[in-house]
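**Q** Protein sequence lines correspond, in order, to chains P and A.
Per the working numbering, residue 1 is the first one in the first sequence, and the count goes up by one each step.
Per the working numbering, residue 1001 is the first one in the second sequence, and the count goes up by one each step.
Beta carbons: idealized from backbone N, C-alpha and C, even for Gly.
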Amino acid sequence: MSWPDDIEAGLPAPEQNEPPALRRDIVDELSDHLQCALNRELLNHPDEPDPRSRVLARFGSSPQKLARQLWLDAMKETLMSNRLMLTIVVVLAAVCLTACGMIWTQSKLLQEMALQARDETQRLLHQREAASQALLAQNRELLAKLNELQQQPPAQSPGWNPLKVRVLLDGEEQTPAAGFDVEVNGKALSESEEIGLREKTATDGVANFGVVRPGQYRVTVMAPWGESETLYSVVRPGTEPVVEVVAPRQAPSPTSVRPSVEWPDALKGLDVAVVCRLQRTDTTLINERAWADGHARYLLIRQDGTMAEYGSVHSENYRANGFGEAADRLVTIPLTFYTDPTSLEGELPWRGKSAEVALLQLVKLSPQNELPTARGTLPLLSPSPLYSSAYWQQLSQLSGPRQREPEPTGQTFSIDNPDWKVSIPDNLVKEVIAGLSPDDYPGESASQVAFGTMTFLRSDKDGNGELSETEANESQRSHRIKFSEFPVTRQYFVQTYLEMRKSGSSSGFSRSAPSSGRSFIGR
Amino acid sequence: MDSKLLSGAVEMLILEVIAAGPTYGYQITQDVIARSNGYFELTEGSLYPALHRLERQKFLSADWREADGRRRKYYRLTAAGKKVLEQKKQEWQQFARGVHGVLGLPYVMA
Chain P
1 MSWPDDIEAG
11 LPAPEQNEPP
21 ALRRDIVDEL
31 SDHLQCALNR
41 ELLNHPDEPD
51 PRSRVLARFG
61 SSPQKLARQL
71 WLDAMKETLM
81 SNRLMLTIVV
91 VLAAVCLTAC
101 GMIWTQSKLL
111 QEMALQARDE
121 TQRLLHQREA
131 ASQALLAQNR
141 ELLAKLNELQ
151 QQPPAQSPGW
161 NPLKVRVLLD
171 GEEQTPAAGF
181 DVEVNGKALS
191 ESEEIGLREK
201 TATDGVANFG
211 VVRPGQYRVT
221 VMAPWGESET
231 LYSVVRPGTE
241 PVVEVVAPRQ
251 APSPTSVRPS
261 VEWPDALKGL
271 DVAVVCRLQR
281 TDTTLINERA
291 WADGHARYLL
301 IRQDGTMAEY
311 GSVHSENYRA
321 NGFGEAADRL
331 VTIPLTFYTD
341 PTSLEGELPW
351 RGKSAEVALL
361 QLVKLSPQNE
371 LPTARGTLPL
381 LSPSPLYSSA
391 YWQQLSQLSG
401 PRQREPEPTG
411 QTFSIDNPDW
421 KVSIPDNLVK
431 EVIAGLSPDD
441 YPGESASQVA
451 FGTMTFLRSD
461 KDGNGELSET
471 EANESQRSHR
481 IKFSEFPVTR
491 QYFVQTYLEM
501 RKSGSSSGFS
511 RSAPSSGRSF
521 IGR
Chain A
1001 MDSKLLSGAV
1011 EMLILEVIAA
1021 GPTYGYQITQ
1031 DVIARSNGYF
1041 ELTEGSLYPA
1051 LHRLERQKFL
1061 SADWREADGR
1071 RRKYYRLTAA
1081 GKKVLEQKKQ
1091 EWQQFARGVH
1101 GVLGLPYVMA
């Protein structure tokens, strides 16, 4: 066997990453060494037998073993690297397998949870659906019962009785009257408080008031054009009364009138206007029952003959001062017209045959907008005692027992003569003049008079400005108003005070009206 | 001789022999024997692992040549090998001086 074959037999099996020349280099180097040693042995001891064995014995170690050691030294790093890589791969594979296992376990768990949740949701849905169905069925049942109850006559209970009012139009056919207002007021037998119900008639002419307690009720039917009739109905226990009312078929024919004022010379040029109330006096008879129009209309008539109509007229502290209706003509305040006026050019549309026209007030007009701004000193229309609920004690000391001031007596006109000329009585003219000049008031008469004093607080436009001390002192002076001398030169914020004074007496009292300030532009 | 004494100096002896010029394994063993007057005898089991180790450490470089119809590997000292040889020589001198001092033997610097 040659040296190379002998040496190569000791090398391990080839590795994958082994350098291609490694084995050959090791074998060649060691073979060269042994061959050199053999040559020297043959040269030095040519006569001795078996030189090869001697060379091998002197080699000190087995050539195969040495070759193997050299190969292992050369491949140590590669082998270590391979083993490390293998170890890493194995570890990674183990980690991956573990992770996969965990993920699989988790996903299995999640899947199971999702399935459980789905089952639970479905179960809940079924329960809910069942509950909804049950509730729906219950509701249907209740609704059916309710319908049954509604269809039954509600007068089963003697304590409650259905009440209906049927309105029919006058005529042979007596067709149902739709759109009529019906009010039921009254007191049940067992109740202490009065009830008030209001309904509109339906297309069948019936206003259904449901059920009411037995008692006596006042039934008022009002036509859309304002005519109304009131009758009384007694609701007995266990009955189902239907009150039938025959109403006018249509509104009175429209016409027009020409209200005007016969201005006395004493008032001419004083720039005062008249506020008067127009009330229809005639009625429409249906089945011997009178249908009257209770709505009043308010007119402001100027000296030049122009007019403005207002829906209603009130004073701002009408209720605050508690003077009742009389306050409308007693308290010195700006008038408030709750609805915008309608200007009329001499003619007033009118329905009805006659009217009573009462003089309510003579007013001073604002030069700016010709609306009443204040009534200043007010003339009484009659020398009656004052009435007050809020100041009864104080006023009674001045005026004796409480009385309501009588309504002004009006003048009656007919549409047969559409020129309605309102005259102002002489005594009223005198009181107006006296009211406009309170200093000239005669004094010892038995009548009381209310007249206003106004304190003018000069202010800026929005009424919130502050005044200097001088201005404030000067501006807070009280004035009795004489309209003809009223030097309005700038914008004022007017705060009014009521002063009640008994003739000839220095004792009086004053009361501030509740924030009845009003600003206007003077001339 | 005690092989344990030689094992620490094998690499130094190999480097020193190769420092004389390119040479191969069998020649190195012969040179060591000749230069030590037959005192040191490097076994192949020590020589070739040391040669391959020094080659991997870049202290030696090698090339193959043809000789007597065979491939023969020749080793030569690299610059790094020269530095390491000098360093090992100095260390050996200090070691020998210390050993001689302890033993009370005269030490002569070569």
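1. Any chance the region 121-136 of chain P sits against the region 208-225 of chain P, with 3 or more Cβ pairs inside 8 Å?
2. Is it buried or exposed for Phe456 (chain P), if we count other Cβ within 10 angstroms and need 16 for buried?
3. If I'm right that Glu244 (chain P) touches Leu168 (chain P) with Cβ under 8 Å, what's the distance once you round it to whole angstroms?
4. Whose C-alpha, out of P:Ile88, P:Glu29 and P:Asp50, is nearest the C-alpha of Ala1067 (chain A)?
5. Over what stretch of residues does the alpha helix (DSSP H) that includes Trp104 (chain P) continue unbroken?
6. For Thr1023 (chain A) versus Leu1042 (chain A), is the C-beta spacing smaller than 8 Å?
7. Strictly below 8 Å CB to CB, what residues from chain P border Tyr1074 (chain A)?
8. May I ask which residues mark the beginning and end of the alpha helix (DSSP H) holding Glu1091 (chain A)?
9. Please confirm if Glu29 (chain P) has its CB atom under 8 Å from at least one CB of chain A.
10. Using Cβ-Cβ distances below 9 Å, what residues of the region 17-45 of chain P are close to chain A?
11. What are the residues that DSSP puts in a beta bridge with Arg166 (chain P)?
12. Thinking just about the alpha-carbon of each residue, which of P:Ala358, P:Gly226, P:Ala223 and P:Gly238 is nearest to the one in Val275 (chain P)?
13. Establish whether the CB of Leu92 (chain P) and some CB of chain A are separated by less than 8 Å.
14. Where does Asp1063 (chain A) sit, in a helix, a strand or coil, going by DSSP?
15. According to DSSP, is Asn161 (chain P) helix, strand or coil?
16. In the structure shown, what three-state DSSP assignment does Ser575 (chain P) receive?
17. Opposite Phe413 (chain P) in the DSSP bridges: which residues?
18. Could you tell me whether the Cβ of Glu1066 (chain A) comes closer than 8 Å to any Cβ of chain P?
19. How would you call Asn161 (chain P), buried or exposed, if buried means at least 16 neighbouring beta carbons within 10 angstroms?
20. Is it the case that the region 83-103 of chain P contacts the region 13-30 of chain P, given that we only count it when at least three CB pairs across the two stretches are under 8 Å?
21. Quick check on the DSSP output: the alpha helix (DSSP H) that includes Thr1029 (chain A) runs from which residue to which?
22. Whole angstroms is fine: what's the gap from Val272 (chain P)'s alpha carbon to Glu262 (chain P)'s?
23. Apply the 10 Å Cβ neighbour rule to Gly504 (chain P) and answer buried if 16 or more other Cβ atoms are within range, or exposed otherwise.
24. Just the C-alpha distance for Phe410 (chain P) and Ile195 (chain P), rounded to the nearest angstrom, thanks.
25. Between Glu444 (chain P) and Lys187 (chain P), what straight-line distance do the alpha-carbon atoms span, to the nearest angstrom?
26. Please classify Glu183 (chain P): is it buried, with 16 or more other beta-carbons within 10 angstroms of its beta-carbon, or exposed?
27. In angstroms with no decimal places, state the Cα-to-Cα distance between Val1017 (chain A) and Asn82 (chain P).
28. Exposed or buried, what is Cys36 (chain P) when buried is set at 16 or more other beta-carbons lying within 10 Å of its beta-carbon?
29. Could you give the DSSP three-state label for Pro254 (chain P): helix, strand or coil?
30. Quick check on Gln69 (chain P) - is its C-beta less than 8 Å from some C-beta in chain A?
31. Figure out for me which residue from P:Val221, P:Pro214 and P:Gln216 has the closest Cα to the Cα of Lys200 (chain P).
32. For chain A, is any of its Cβ atoms less than 8 Å away from the one on Leu110 (chain P)?
33. Which chain A residues sit within Cβ distance under 9 Å of Asp73 (chain P)?
34. Is any heavy atom in the ligand GDP found nearer than 7 Å to the beta carbon of Leu125 (chain P)?
35. From Ile1014 (chain A) to Tyr1075 (chain A), what does the alpha carbon distance come to, in whole angstroms?
36. With 7 Å as the limit, tell me which residues of the region 1076-1102 of chain A have their beta carbon closer than that to any beta carbon of chain P; keep them in chain order.
**A** In terms of the structure at hand:
1. Contact fails: fewer than three Cβ-Cβ distances are below 8 Å.
2. Counting from one through the first sequence, the residue named residue 456 (chain P) turns up at place 456. Unreliable positioning characterises Phe456 (chain P) in this predicted model, as indicated by a pLDDT of 38, which lies under 50. A coordinate reading is not provided.
3. On the first sequence, position 244 is the one that residue 244 (chain P) refers to. On the first sequence, position 168 is the one that residue 168 (chain P) refers to. Rounded, the Cβ-Cβ distance is 7 Å, consistent with contact.
4. On the second sequence, position 67 is the one that residue 1067 (chain A) refers to. Taking the Cα of Ala1067 (chain A) as reference, the smallest distance to any Cα among P:Ile88, P:Glu29 and P:Asp50 is reached at P:Glu29.
5. Taking the first residue of the first sequence as position 1, residue 104 (chain P) is located at position 104. Start and end: Pro63 to Gln151.
6. As a working note, residue 1023 (chain A) is residue 23 in the second sequence. As a working note, residue 1042 (chain A) is residue 42 in the second sequence. Not closer than 8 Å, so no.
7. In the second sequence, residue 1074 (chain A) corresponds to position 74, counting from 1. Per Cβ cutoff of 8 Å: no residues; Tyr1074 (chain A) is ~10 Å from chain P at best.
8. Indexing the second sequence from 1 puts residue 1091 (chain A) at position 91. Element bounds for Glu1091 (chain A): Ala1079 to Leu1103.
9. As a working note, residue 29 (chain P) is residue 29 in the first sequence. Residue contact with chain A for Glu29 (chain P): present (Cβ-Cβ distance below 8 Å to some residue of chain A).
10. Cβ contacts with chain A come from Arg24, Asp25, Ile26, Asp28, Glu29, Leu30, Ser31, Asp32, His33, Leu34, Gln35, Cys36, Ala37, Asn39 and Arg40.
11. Here the question's residue 166 (chain P) lines up with position 166 in the first sequence. Paired residues: P:Val206 and P:Glu244.
12. Along the first sequence, read from residue 1 onward, the residue named residue 275 (chain P) stands at position 275. Here the closest residue by C-alpha is P:Ala358.
13. Looking up residue 92 (chain P) in the first sequence gives position 92. No, its Cβ sits nowhere closer than 8 Å to a Cβ of chain A.
14. By one-based count along the second sequence, residue 1063 (chain A) stands at place 63. Asp1063 (chain A): strand per DSSP, three-state reduction.
15. Here residue 161 (chain P) corresponds to residue number 161 of the first sequence, with the count starting at 1. Asn161 (chain P): strand per DSSP, three-state reduction.
16. For chain P, the structure presents residues 1 to 523; residue 575 (chain P) sits outside this window and is missing.
17. Numbered from 1 along the first sequence, position 413 holds the residue referred to as residue 413 (chain P). By DSSP's assignment, Phe413 (chain P) forms a beta bridge with P:Ala355.
18. By one-based count along the second sequence, residue 1066 (chain A) stands at place 66. By this cut-off, Glu1066 (chain A) is not an interface position.
19. As a position in the first sequence, residue 161 (chain P) is number 161, starting the count at 1. Asn161 (chain P) should be labelled buried.
20. Short answer: they don't touch.
21. Reading the second sequence from its first residue, position 29 is the one you call residue 1029 (chain A). First-last of the alpha helix (DSSP H) with Thr1029 (chain A): Gly1025 to Arg1035.
22. Position 272 of the first sequence, counted from the first residue, corresponds to residue 272 (chain P). Position 262 of the first sequence, counted from the first residue, corresponds to residue 262 (chain P). In this structure, the straight-line span from the alpha carbon of Val272 (chain P) to that of Glu262 (chain P) is close to 13 Å.
23. Looking up residue 504 (chain P) in the first sequence gives position 504. Caution applies to Gly504 (chain P), whose pLDDT of 33 falls short of 50 and renders its modelled position unreliable; the model cannot decide the point.
24. Translated into the one-based positions of the first sequence, residue 410 (chain P) becomes position 410. Translated into the one-based positions of the first sequence, residue 195 (chain P) becomes position 195. Before going further, note that residue 410 (chain P) is Gly rather than Phe in the sequence given. Roughly 34 Å separates the two Cα atoms.
25. For the purposes of this step, residue 444 (chain P) is taken as residue 444 along the first sequence, with counting starting at 1. For the purposes of this step, residue 187 (chain P) is taken as residue 187 along the first sequence, with counting starting at 1. Its pLDDT being 30, under 50, Glu444 (chain P) is placed unreliably by the model, and nothing is read from it.
26. Within the first sequence, numbered from 1, the residue matching residue 183 (chain P) stands at position 183. Buried is the label assigned to Glu183 (chain P), since at least 16 other Cβ atoms lie within 10 Å of its Cβ.
27. Walking along the second sequence from the start, residue 1017 (chain A) turns up at place 17. Walking along the first sequence from the start, residue 82 (chain P) turns up at place 82. In a straight line, the C-alpha of Val1017 (chain A) is about 37 Å away from that of Asn82 (chain P).
28. Against the first sequence, residue 36 (chain P) aligns to sequence position 36. Looking at its Cβ environment, which holds 16 or more other Cβ atoms inside 10 Å, Cys36 (chain P) is buried.
29. In the first sequence, counting from the first residue as 1, residue 254 (chain P) sits at position 254. Residue state, collapsed to three classes: strand.
30. For this step, residue 69 (chain P) is matched to residue 69 along the first sequence. Yes, Gln69 (chain P) lies at the interface with chain A (some Cβ there is under 8 Å from its Cβ).
31. Residue numbering aside, residue 200 (chain P) sits at position 200 when the first sequence is read from its first letter. Per the Cα distances, P:Val221.
32. Counting from 1 along the first sequence, the entry for residue 110 (chain P) is found at position 110. Leu110 (chain P) does not count as touching chain A.
33. Taking the first residue of the first sequence as position 1, residue 73 (chain P) is located at position 73. The contacting residues are Pro1049, His1052, Arg1053 and Arg1056.
34. Absence of the ligand GDP from the depicted structure is noted, as is the absence of any ligand whatsoever, leaving it without description.
35. The sequence position of residue 1014 (chain A) within the second sequence is 14, counting from 1. The sequence position of residue 1075 (chain A) within the second sequence is 75, counting from 1. For the pair Ile1014 (chain A) and Tyr1075 (chain A), the Cα-to-Cα distance works out to about 10 Å.
36. Listed by position along the chain: nothing, the set is empty.
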